[in-house]
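Below you'll find the structure, written out as C-alpha cells, and then a few comments.
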Amino acid sequence: MNKCDSEVLASILKEEGYYYTDDFQTADILLLNTCSVRDTAERKVLGRLERLRHLKEDRPGMILGVCGCMAQSWEHELMEKFPHIDFVLGTSRLAELPKLIREVQETGRSVIDVSEVAPQNEPIPTVRESSVTAWVTIMHGCDNFCSYCIVPYVRGRERSRSASEILQEVKYLAESGYKEITLLGQNVNSYGLDTEESLDFAGLLALINDNSPGIERIRFTTSHPKDVSEKLIDAIANLPKVCKHFHLPAQAGSNNVLRRMNRGYTREHYMSLVDRLRLKIPLISITTDLIVGFPGETERDFQDTVDLVEKVGFDIAFCFRYSPRRGTPAASMEDQLPEDVKMKRLYELLEIQDMISISKNKALIGTAHDILVEGRNPKDKSQLLGRTDTNKIVFFTEGDDLIGQIVTVSITDSGNWSLRGELIRGY
Ligand code: SAM
Ligand code: SF4
734 MNKCDSEVLA
744 SILKEEGYYY
754 TDDFQTADIL
764 LLNTCSVRDT
774 AERKVLGRLE
784 RLRHLKEDRP
794 GMILGVCGCM
804 AQSWEHELME
814 KFPHIDFVLG
824 TSRLAELPKL
834 IREVQETGRS
844 VIDVSEVAPQ
854 NEPIPTVRES
864 SVTAWVTIMH
874 GCDNFCSYCI
884 VPYVRGRERS
894 RSASEILQEV
904 KYLAESGYKE
914 ITLLGQNVNS
924 YGLDTEESLD
934 FAGLLALIND
944 NSPGIERIRF
954 TTSHPKDVSE
964 KLIDAIANLP
974 KVCKHFHLPA
984 QAGSNNVLRR
994 MNRGYTREHY
1004 MSLVDRLRLK
1014 IPLISITTDL
1024 IVGFPGETER
1034 DFQDTVDLVE
1044 KVGFDIAFCF
1054 RYSPRRGTPA
1064 ASMEDQLPED
1074 VKMKRLYELL
1084 EIQDMISISK
1094 NKALIGTAHD
1104 ILVEGRNPKD
1114 KSQLLGRTDT
1124 NKIVFFTEGD
1134 DLIGQIVTVS
1144 ITDSGNWSLR
1154 GELIRGY
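If you want my numbering, it's the position in the sequence shown, counting the first as 1, plus 733.
This is how it looks when you write it as C-alpha cells:
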C-alpha cells in the first residue's frame, strides 16, 4: 500500500513539472513516505529525519515533507521533534500535496494536513516502478480493529472505490502495456460492503477478468480469513486470469491468542478454509503472516502456531515479532513478553518455515511453469526475473526482449525464496 502511495505521490509531482531523482542530496523536494505498522519501521524514519537536519541547514530552500501512516499518527509531534520538517501530509490527503508545497514556498512556514476527509477525485498513478505489473487500489482503510494493529487508526474506515473507477484504471493500464495487476486493500474480501452497489469482491474479480483485454494476470492482497466466501473460492478456481495464489494471514495458531487479537475466526475455521481452497484449486499456493510474542502468549500457544504452520505447509510465511503500537488495545494488555522470548520464538518459527519452503520449492525441480517476465534480477543483472501464477520468483538467463512476456521455463534449482529455471523454447 505504501509503495502504491509513493507512486501516486511521484505522479502528482510529475504533473507539477518535477521529475524523480535518486540523489536526495540535491533534490528540491524530499518526501519520506512512512509506515507505522511496526516499531522498526518508525525508528528507521526517526533516524533518517535526524540525519536530514544537516542537509536542511545546508540547503534551507529544500522542502522536506513527511507522508504516510506516521504522518497521520504523529502529526504535530513530528514537527515538534524535528522543526526542520516543512510539511506533514496524512494518508487520505495525497491529492493535496501541490497545495502544501505552494503554501510552504509562499509563506515559508511549516504546514500540517492530516484531515481524514478524502478529496473527491482520487489521483491515479502515472509513474510506476514496473512497466509490467501494477498496483490498483480497490479500497482504503480497515474496519477490523485487530487488537495489535494501528492501520484502522492511521488509514481510517473502509472506503471502496467504485467499480467503474477501478475498471477505468485497469483499462488504462492495459492500454499502457501492463500485463498484471494486483488489487489492493487491507481486507479485499469486504470490498463493496460499505456501498449501495451490490457488487462484492468475487463479483469485482469476475468483472475485471471479463473486461480487461491485454491484462493476463490478476492478483489481490490482502484477504481476511473471516470473510472468505465460497463464492470467492469458486471465483479464484474458475476465472482464468485470477492467479492461483492466496495470501491468507493467519497471525496465530492458538484460539486463545486469536480471540485476544480480535481476529474473528478460530484455528479450525482457518484450517477448513485451507482444505476447501486446496480441494477446489489443488495447485494453489498459500502464504501467510504470523505474529509471535503477542501479550500473554504462552509456550503452549506458540506451539499451536508451530503446529498450524506444520499442518498447513505454507509456501511462504512472513513472521513478525509483536511490536506494541501506541493507542491499540494490545499495547496496554498485561503480560507483555520480554524481547528475548519473542526473538527466540521468532527464530524457531523461521527455521521451521524455512524447511517447509525449501522442501516445497525443491519438489518443483523438473516441472514446467508459465512465468510472466517482470525485469532483471536486481542482484545479478545478467538474469531475468519472472513469477509463476502461484507467485514464486524464478530467475533465468536470457535476452532482454522477454520482459513483459509470459514464457515457459523448466525449474532447475531451488532455494527457500526463489527458483532457478531454463527457458523451454518452442513450447
Ligand atoms: N490487512 C492485512 C491483514 O489483515 O492481514 C495486513 C496488514 S498489516 C499492514 C501487515 C502485517 O503486519 C499483518 O498481517 C501482521 O502480521 C503484521 N502486523 C500488524 N501489526 C503488527 C504489530 N503490532 N506487531 C507485529 N506485526 C504486526
Ligand atoms: Fe490491521 Fe487487522 Fe485491518 Fe489487517 S485486518 S489492517 S491486521 S486491523
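Glycine included, C-beta positions come from ideal geometry on N, C-alpha and C.
On a predicted model such as this, the values are computed, not experimentally measured, just so you know.
Considering only C-alpha positions, which residue in the set the options is nearest to residue i?
i: Gln1138; options: Leu742, His817, Ser864, Arg835; result: Ser864
i: Arg1059; options: Ser880, Leu1105, Thr754; result: Ser880
i: Ile818; options: Val844, Glu930, Leu746; result: Val844
i: Asn1167; options: Pro958, Ser895, Leu937; result: Summary: the structure shown does not reach residue 1167, with the chain confined to residues 734 through 1160, and so no result is reported for it.
i: Glu740; options: Leu981, Thr1130, Trp868; result: Trp868
i: Ala1050; options: Asp1034, Thr954, Ile1024; result: Ile1024
i: Glu1032; options: Ser1005, Glu1081, Glu1001; result: Glu1081
i: Leu1105; options: Arg1120, Arg892, Cys737, Lys1114; result: Arg1120
i: Asn988; options: Arg996, Thr1020, Pro858; result: Arg996
i: Cys800; options: Leu782, Leu764, Val770, Glu963; result: Leu764
i: Lys1112; options: Phe1128, Met1066, Gly780, Lys964; result: Phe1128
i: Leu1135; options: Asp1048, Trp1150, Ile1157; result: Ile1157
i: Thr1061; options: Phe878, Ile941, Gly1154; result: Phe878
i: Glu829; options: Glu930, Lys814, Val847, Val990; result: Val847
i: Gln1086; options: Ser806, Val1042, Asp960, Glu862; result: Val1042
i: Glu849; options: Glu813, Ile857, Arg892, Lys814; result: Arg892
i: Val1045; options: Met1066, Leu1006, Tyr998; result: Leu1006
i: Arg784; options: Pro816, Cys802, Gln805; result: Pro816
Enumerate in chain order the residues of its own chain whose CB-to-CB distance from residue i is below 6 Å, with the five nearest sequence positions on each side excluded.
i: Cys976; result: Arg950, Arg952, Asp1122
i: Ala774; result: Cys768
i: Ser923; result: Asp960
i: Ile857; result: Glu902
i: Gly947; result: Ala907
Would you report the Cα separation of residue i and residue j, rounded to the nearest angstrom?
i: Gln1163; j: Tyr911; result: Only positions 734 to 1160 of the chain appear in the structure, and residue 1163 is not among them; the question remains open.
i: Ile1126; j: Leu1016; result: 16 Å
i: Leu917; j: Met872; result: 7 Å
i: Leu822; j: Asp772; result: 20 Å
i: Leu1118; j: Asp1146; result: 14 Å
i: Asp1073; j: Leu1152; result: 33 Å
i: Thr928; j: Ser895; result: 9 Å
i: Leu833; j: Ile762; result: 12 Å
i: Thr824; j: Thr1021; result: 26 Å
i: Lys904; j: Met734; result: 21 Å
i: Thr859; j: Ser744; result: 5 Å
i: Ala935; j: Glu855; result: 23 Å
i: Lys747; j: Asp1048; result: 39 Å
i: Val1039; j: Arg792; result: 52 Å
i: Glu1131; j: Glu908; result: 27 Å
i: Ser1143; j: Arg781; result: 44 Å
i: Lys964; j: Asp1103; result: 26 Å
i: Leu932; j: Gly925; result: 6 Å
i: Ala1101; j: Ser1018; result: 16 Å
i: Tyr886; j: Ser806; result: 8 Å
i: Val1140; j: Lys1114; result: 19 Å
Just checking: is the beta-carbon of residue i within a distance shorter than 8 Å of some beta-carbon in chain C?
i: Val850; result: Although the question refers to chain C, the structure presented lacks it and comprises just one protein chain.
Please go through the same chain and pick out, in chain order, the residues whose beta-carbon is closer than 7 Å to the beta-carbon of residue i, but skip the five residues on each side of it.
i: Ala939; result: Ala968, Leu972
i: Ile966; result: Arg1009, Leu1010, Lys1013
i: Asn944; result: Leu900
Looking only at its own chain, which residues have a Cβ that is under 8 Å from the Cβ of residue i, when we skip the five neighbours before and after it?
i: Ala1063; result: Ser880, Tyr881, Arg993, Met994, Phe1027, Pro1028, Tyr1055, Pro1057
i: Lys1075; result: Val1025, Gly1026, Arg1054, Tyr1055
i: Lys777; result: none
i: Phe757; result: Leu763, Leu788
i: Lys1110; result: Note that residue 1110 is Asn in the sequence shown here, rather than Lys. Contacts found: Gln1116, Leu1117, Leu1118, Phe1128.
From the DSSP output, which residues share a beta bridge with residue i?
i: Met872; result: Ser893
i: Ser1143; result: Ala1101, Glu1155
i: Thr954; result: Leu917
i: Ser1018; result: His978
i: Arg842; result: Answer is none; Arg842 lacks a bridge partner.
i: Asn1110; result: Asp1113
i: Cys1052; result: Leu1023
i: Leu797; result: Leu763
i: Val821; result: Val799, Ile845
i: Ala867; result: Ile914
i: Val1127; result: Gly1119, Leu1152
i: Gln984; result: Leu1023
Q: Examine the Cβ distances between the stretch 840-860 and the stretch 1082-1094 and report whether three or more of them are shorter than 8 Å.
A: No, the stretch 840-860 does not touch the stretch 1082-1094.
Q. Three or more beta-carbon pairs under 8 Å between the stretch 778-794 and the stretch 740-755, yes or no?
A. Touching, no, given that fewer than three Cβ pairs across the two stretches are closer than 8 Å.
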